[in-house]
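Counting from 1, position 276 in the sequence shown corresponds to residue 276 in full-length UniProt numbering; the numbering is continuous, with no gaps. Each residue gets a CB set at the ideal place from its N, CA and C atoms; glycine is no exception.
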Amino acid sequence: MNAYQFTQHPRAVEDLEKNAIRKFVQKKHRNRVGIKNNTVHNNFHYVLLQRGNHHQSEWLGHTTICCGGGGTETISQTRWKFLVYCAPVTTLTLLIFGRRYSTKLSSFIFGCWLALWPFLFEKINKTKVVFSGETVPAKERVLIIANHRTEVDWMYLWDLALRKGRVGYIKYVLKSSLMKLPVFGWAFHILEFISVERKWEIDEPVMHQMLSTFTDREDPLWLALFPEGTDFTEQKCLRSQKYAAENNLPIMKYVLLPKAKGFYACLETMRSSLDAVYDVTIAYKHRCPFFIDNVFGVDPSEVHIHLRRIPLKDIPTTEDESSVWLNEAFRLKDKLLSDFTAEGHFPNPGTEEDLSTLKCLVNFTFVIAITSIFTYLTFFSSSWFKLYVAASCAYLASSTYFNFRPLPIPVFVKSIFCGIHSD
């Protein structure tokens, strides 16, 4: 199928995306729980039987899967349309008007879409999200450090960001393999997520280059980092404990030993432009969810998020001292998670209000209306418009694959001019 034909079959990219995600999730399930026949149906049946009475579980399963599945399908339908239609507009804004205006525009557009996820989790799937600890102020520029209990932790940071008006401004440091997911990878690229190979000699120049673009205090920013470098499993925990014992480091049961280089790189580059570090600890009631469980509303039933706000002046400025500080922060996380396992909650719960159902519905209606217009234009517009869609798809695919990020025209011209003079 060529680019023009692709615009005639907009479901093609969705089918490609779903197949890629299904293979990714099945691989994760095989690696983590050894499910031999890991179809979606069998996994749901397995999960629901663990939750109590078979008949109640069967009814709950069909209900949550239908509701969650419908919500997930809606988000899937809107995602690629928002990307394909809006990405060229935000790119042109960047080229002509500069990064600040482009950031505001893309954060508004894609923030509306990202806000669908908390709506899905809390209002449709009825997942209870409990915030505890400190009440953090809105509209701060922050670095977030969080534990990585399972593969969906990062998605629940959107629930906090939405409450603070920052859902369109949150960026993540994530592994590069996720950038290869169809459409998802395009979104991560446009939203300026930082992809890493988890090999510091490769990641160091990439991180410093990307972080240097986030230093303008006038641009809102939440940068989320998972210092453990991978999600938690028992095997990884045993390896982490062995390494800690051999190197006289804290031995922890509920988190892995954090890696300090990425954390220090963020502070070294952006310290003067940040207001604080948010230390976020995430825990799940009953069991940790897989990605499929999460989006279809099977699990989790409760997510607990504990916040601690740390002023920059309280964090050391040298690499060695910041590494010691980070280890101590994760030792405190381990203690929090140990207490959570025993008590079922973090200290001082209830620091954030529930999401407004009305605001969620207004945003949902707006996204659906825009998506409907996009769909109409896709099928009933002129060939020129279809050519625009094809060109946008080609741009998104190639820029993500080659990790190409355009510069504002004045900056680009200046860099060429300086290069000529330096020669």
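Beta strand (DSSP E) containing I194: first to last residue?
I194 to V196
Could you tell me which whole alpha helix (DSSP H) segments of length 4 or greater appear in the region 156-192?
184-190
Compute the Euclidean distance between the alpha carbons of L191 and Y85, then round it to the nearest angstrom.
15 Å
Taking the beta carbon of N248 as the centre, do at least 16 other beta carbons fall within 10 Å, making it buried, or is it exposed?
exposed
Spell out a yes or no on whether the region 134-147 and the region 210-228 are touching, meaning 3 or more CB-CB pairs, one atom from each, closer than 8 Å.
yes
Pairwise C-alpha distance: P347 and T103
36 Å
Euclidean distance between Cα positions of V130 and P250:
28 Å
For Y243, which three-state DSSP category applies?
helix
CB contact flag (G297, I124, <8 Å):
yes
For the putative contact between T150 and D231, defined by C-beta atoms under 8 Å, what is the C-beta separation to the nearest angstrom?
6 Å
Between the alpha carbons of K126 and S301, how many angstroms are there, rounded?
8 Å
Using CA coordinates, which residue listed in E73, F364, W325 and H306 is at the minimum distance from L312?
W325
So within the region 249-282, which uninterrupted alpha helix (DSSP H) runs reach at least 4 residues, ignoring any that extend past its ends?
260-270
Can you find the residues in the same chain that come closer than 7 Å, C-beta to C-beta, to W200, ignoring five residues on each side of it along the sequence?
K261
Thinking C-alpha only, which one of A283, S322, T213 and N294 is nearest M270?
T213
Boundaries (first-last residue) of the alpha helix (DSSP H) holding H208:
W200 to L211
Checking the sheet assignment: what are the DSSP bridge partners for I305?
F131 and I282
Looking only at C-alpha atoms, which of L116, L178 and D293 sits nearest to T400?
L178
What ranges does the alpha helix (DSSP H) occupy inside the region 91-122, keeping only unbroken runs of at least 4 residues that lie completely in it?
99-114
Rounded separation between Y156 and P118 - CA only
7 Å
Could you compute how far the alpha carbon of E228 sits from the alpha carbon of H208?
19 Å
Which listed residue (F110, R100, E204 and L95) has its alpha carbon closest to that of W80
F110
State the start and end residues of the unbroken alpha helix (DSSP H) segment that holds I373.
T357 to F380
Closer than 7 Å by C-beta to F364: which residues in its own chain qualify, once you throw out the five before and the five after it? Chain order, please.
L116 and F119
Give the straight-line distance between the Cα atoms of P88 and C393, rounded to the nearest whole angstrom.
10 Å
Boundaries of the beta strand (DSSP E) in which I144 is found, first to last residue:
V142 to A146
Secondary structure at I310, three-state DSSP: helix, strand or coil?
strand
Is the separation between the beta-carbon of L257 and that of S240 shorter than 8 Å?
yes
What residue does the beta strand (DSSP E) around L223 start on, and which one ends it?
W222 to L225
Hey, is the region 279-295 in contact with the region 361-378, meaning 3+ C-beta pairs nearer than 8 Å?
no
What does DSSP give as the partner residues of P349 in its beta bridges?
S132
Considering only the alpha carbon of each residue, which of T371, S382 and A283 lies closest to T341?
A283
With a threshold of 16 other CB atoms inside 10 Å of the CB of R198, please say whether the residue is buried or exposed.
exposed
When the Cα atoms are used, what is the spatial distance from V152 to Y172?
13 Å
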